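Just so we're aligned: the sequence shown equals residues -21 to -1, 1 to 746 in mature numbering (1 follows the signal peptide of the UniProt record, and there is no 0).
Note that the Cβ used here is the ideal one computed from N, Cα and C, for glycine as well.
Computed from a predicted model, the values in this text were never measured in an experiment.
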Amino acid sequence: MTRKITWFTALALGLTPFTHAETPAVPSLQSAASTTAVAATVDLAPVAPAALPNVPVRDVAYTFAKIAPPPGTFALRGTNPEGVIEFGVRSDEVVTNAMLNLEFTPSPSLIPVESQVKVFLNDELMGVTAITKEQLGKPTRFQLPIDPLYITDFNRLRLVFVGHYQNICENPASNTLWLDISKSSSLDLRYQSLSVKNDLSHFPEPFFDARDNRPLTLPVVFAAAPDVAQQRAASIFASWLGDKAQWRGQNFPVLYNQLPTQHAVVFATNAQRPDFLKDYPPVKAPTVEIISHPDNPYVKLLLILGRDDNDLIMAAQGIAQGNILFRGQNVTVDKVEQLVPRQPYDAPNWVRTDRPMTFAELQQYPDQLQTTGLLPPPISLSLNLPPDLFLIRSAGIDMRLKYRYTSTRLMDGSRLSISLNNQFVQDYPLSPNMPEGSKILRLPLLQGLQDAARQLTIPALKLGATNQLRFDFDYSTLLASGAEGRCETYSTAPNHAVIDGNSTIDFSGYRHFMEMPDLRAFANAGFPFSRLADLSETLVLVPPKPAPSQLTTLLNTVGNIGAQVGYPAVGINITDDWSQAKDQDVDVLIVGTIPPELRDDQKINLLVDQTQSWVKMPNRQTGLPDMLAPASDRVADSKVTVSSEGAMSAIIGVQSPNFPQRSIVALLADSPHGYSLLNNALLDSGKREAVFGSVAVIRESGVNSLRVGDTYDVGHLPWWERIWHSLSTHPVLLAGVAVLVVVIAAMMAWRLLRLISRRRLSPDERD
């Protein structure tokens, strides 16, 4: 019995990499915190304990619509009988109870009992349900308890369909073999918090945990409205965490002199501290420390401390660039030095534009370039590009592709299909005699290409800031054949395919030039601020005393840019004085209110001031975000003023009045709820896609974008390319110029021929 208890205890402790011991947050609470921690550590030994007194638990129902691959449903077939769901468990929590609620509809042609659904967790069989006659063709619900002992930090829930529709001569590819799993199916988990040691060697855990697929929410606490230096320190920290959160999204609610109830970060100097840290000893250097919450030992606070504001900035820079050295309960940052300045367009998350890039550099997780199965799933790669990459009039993007695959038995039509942004590009046959291939492919862009041999138009492809390159290995597999009364079946074997990591795609040699304002580039790539990944040519203009909602918007915005470029904003600058900002050759991000100097009809198309708002509507609005509107359609032809108590926010893009190559983006709202709408729009990928043009109005109903007002160009083109670019949207003018050039050339040729003729016929020439 003693051995059994010891074994279960070891398993429970192995579920978390943290030591189950507690370091007190505040000296006065030392004994109480330690007592609570020890009790939790001892009582958490059972595999699935009941909720202990004062130990936080939370119940979560994960629907397949949220955790399954889009669209959230599984269509299991005879040739594709498996569906996989992945989920993680934070290092400061343990799952004590799990239940799978499965809703599925089986084909009415299945043989009852012989057809089944098997459930695996981390390749361990959790249970199986046989499909009965009463369930055929009808929605069915099935509940399966899952032993939490098998749940680890990263988990794969696998659903396997075993289907039969006849006893002999069965074809796995038959369209009667199917089972659809509804996206309303759910995985119900009960989490119990673990008391973990205050140790920065695990940082950024528990404030950010890569196992947690939820959007990151981390409150940021100040003693009062922070000055611009403290805001800069917080922005550096937020952009670094945004890089860590990546696709999850991030939210940084700001609190003034309030003690949060969850993991949070606190910025404080010796002179300015929240009341709950008033008795904390002063620091003598930039300091980063992790402590326990005064009222809850299961909640941690990250303290970023300094003697003054400059220390806070150095501490934040130390976190962003030196956190790999952190250990113990606290560290001091002695020195932060930028050895090499960032170069334009060198963001780690962007495809390189100075040389060809290998697919091995583009992959985001192991085995991404491999696929296996009877019908192998597609291989996908993300291509994040600088939004101002000028690809117009380009013949295409060169891609050198190397791949290997399981050879086919015959020339049966098996092929490799290549798609870009869900548009077909090219396909190549999979030969039975050559189980590998090497192709030089040119991806067509914008204007399209003509296939001279077949006279077929290849669809024009448009590259954006975010692109998906997909490779489909489509096998035609013979599964069954024969005549009536005699059948032949084949044992199916999985097919394997690999894209060689040495394959390359080349975006080098292209210029950077684009028409602005383009709020889509800002919403999806942080452009133009992300041109330098550390935002060293960005200046943020904030109100002198920002409200918490305004500061939340600032931190969420820089966090979003950090996620898009993959680098912290260590070079960002913040000011609350427009007179200092207007003379600097930088891109300006405005959060809060527009300076009076910029409230010009030609510069600002939307103004939100408390409950008063007005908007200028263009003469003709384009129906789609990618449609190019001529200047005549962008001219404002009406102005409407509305008063309302409803919340509203807006994003505005304009040209800098003093520097024609610089841009101003303003984030405006009429209330805290308006800023909440703005933050939700920037964090929601679907709403970000609706942001484009020069004005985006955000309301409860969604996002409405407009192209109105003047446009301007950023970047550089040689004069001859600039002429062609200017004429590309004016075909009539281009035709007129072409005719004029032909006439001038003809006249010059005629004059030259006359001159030659006169010289040939002159008396001097005859002599």
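Item                                                                                                                                                                                          : Value
Give the straight-line distance between the Cα atoms of Arg306 and Gln300, rounded to the nearest whole angstrom.                                                                             : 15 Å
CA-CA distance, Arg730 and Ser736?                                                                                                                                                            : 10 Å
Suppose you measure from the CA of Lys257 to the CA of Phe231; what does that come to, to the nearest Å?                                                                                      : 24 Å
Just to confirm the assignment, what range does the beta strand (DSSP E) spanning Ile215 have?                                                                                                : Counting along the chain, Ile215 falls outside any beta strand (DSSP E), though it belongs to the alpha helix (DSSP H) covering Val207 to Ala224.
On a Cα-Cα basis, can you pick out the residue from Pro507, Ala500, Gln210 and Phe492 that is closest to Gln529?                                                                              : Gln210
Compute the distance between the beta-carbons of Gly538 and Gln229, then report whether it is under 8 Å.                                                                                      : yes
Quick one: complete beta strand (DSSP E) runs, 3+ long, within the segment 63 to 148?                                                                                                         : 72 to 85, 95 to 100, 103 to 109, 119 to 125 and 133 to 141
Please go through the same chain and pick out, in chain order, the residues whose beta-carbon is closer than 6 Å to the beta-carbon of Leu234, but skip the five residues on each side of it. : Pro198 and Val200
Does the beta carbon of Trp698 fall short of 7 Å from some heavy atom of the ligand NAD?                                                                                                      : In the structure shown, the ligand NAD is absent, as is every other ligand, since no ligand is present at all.
Leaving out five residues before and five after Ala11 in sequence, what residues of the same chain have Cβ atoms less than 6 Å from its Cβ?                                                   : Low per-residue confidence applies at Ala11: pLDDT is 33, beneath 50, and the placement is therefore not dependable, though the value from the model is reported in the following sentence. Here the set comprises nothing.
Using 8 Å as the threshold, is the C-beta distance between Ala203 and Gln237 below it?                                                                                                        : no
Please report the straight-line C-alpha distance between Thr517 and Leu657, rounded to a whole angstrom.                                                                                      : 21 Å
Determine contact between the segment 495 to 511 and the segment 372 to 391, defined as no fewer than three beta-carbon pairs at a distance below 8 Å.                                        : no
Are the Cβ atoms of Leu123 and Leu79 separated by less than 8 Å?                                                                                                                              : yes
By how many angstroms is the C-alpha of Ile215 removed from the C-alpha of Met(-21)?                                                                                                          : In this prediction, Met(-21) has a pLDDT of 40, which is less than 50 and means its spatial position is unreliable; what the coordinates show is noted afterwards. Between Met(-21) and Ile215, the C-alpha separation is close to 54 Å.
Straight-line CA distance for Gln114 to Phe140?                                                                                                                                               : 15 Å
How is Arg306 classed by DSSP in three states: helix, strand or coil?                                                                                                                         : coil
Report buried or exposed for residue 751, applying the criterion of at least 16 other Cβ atoms within 10 angstroms of its Cβ.                                                                 : This structure cannot speak to residue 751, because the chain is shown only from -21 to 746.
According to DSSP, Ser163 sits in a beta bridge with which residue or residues?                                                                                                               : None, per the DSSP bridge assignment.
Taking DSSP as the reference, what is the three-state secondary structure of Glu184?                                                                                                          : coil
Using only alpha-carbon positions, find the residue among Lys279, Ser161 and Leu353 that is nearest to Pro50.                                                                                 : Ser161
Here's the rule: buried if 16 or more other CB atoms are within 10 angstroms of the residue's CB, otherwise exposed. What is Leu318?                                                          : exposed
When you compare only the Cα positions, how much space is there between Val244 and Phe187?                                                                                                    : 11 Å
Identify, in the order they occur along the chain, each residue of the same chain with its Cβ nearer than 6 Å to the Cβ of Phe501, setting aside the five sequence neighbours on each side.   : Val644
According to DSSP, is Arg331 part of a helix, a strand, or is it coil?                                                                                                                        : coil
Measuring CB to CB, does Leu158 end up less than 8 Å from Tyr41?                                                                                                                              : no
So the alpha helix (DSSP H) Gly297 belongs to, where does it begin and stop?                                                                                                                  : Asp288 to Gly301
Could you work out which residue in Pro265, Leu284 and His242 is closest to Val278 when comparing CA atoms only?                                                                              : His242
Among Arg193, Thr311 and Ile298, which residue has its Cα nearest to the Cα of Ala213?                                                                                                        : Ile298
Go ahead and label Ile110 buried or exposed: buried means 16 or more other beta carbons lie within 10 angstroms of its beta carbon, across all protein chains shown.                          : buried
Helix, strand or coil, according to DSSP, for Ile509 in the structure here?                                                                                                                   : Reading off the sequence, residue 509 comes out as Ser, not Ile. In the structure shown, Ser509 sits in a helix (DSSP, three-state: H, G or I).
Measure the alpha-carbon distance for Asp69 versus Arg383 and round it to whole angstroms.                                                                                                    : The displayed chain sequence assigns Arg, not Asp, to residue 69. Distance between the alpha carbons of Arg69 and Arg383: 38 Å.
For the alpha helix (DSSP H) that residue 748 lies in, which residues bound it at each end?                                                                                                   : Coverage of the chain is limited to positions -21 through 746, which leaves residue 748 absent and any answer about it impossible.
Note down the Cα distance separating Trp329 from Gln349, rounded to an integer number of angstroms.                                                                                           : 22 Å
Quick check: Gly672 and Arg686, are their CB atoms within less than 8 Å of each other?                                                                                                        : yes
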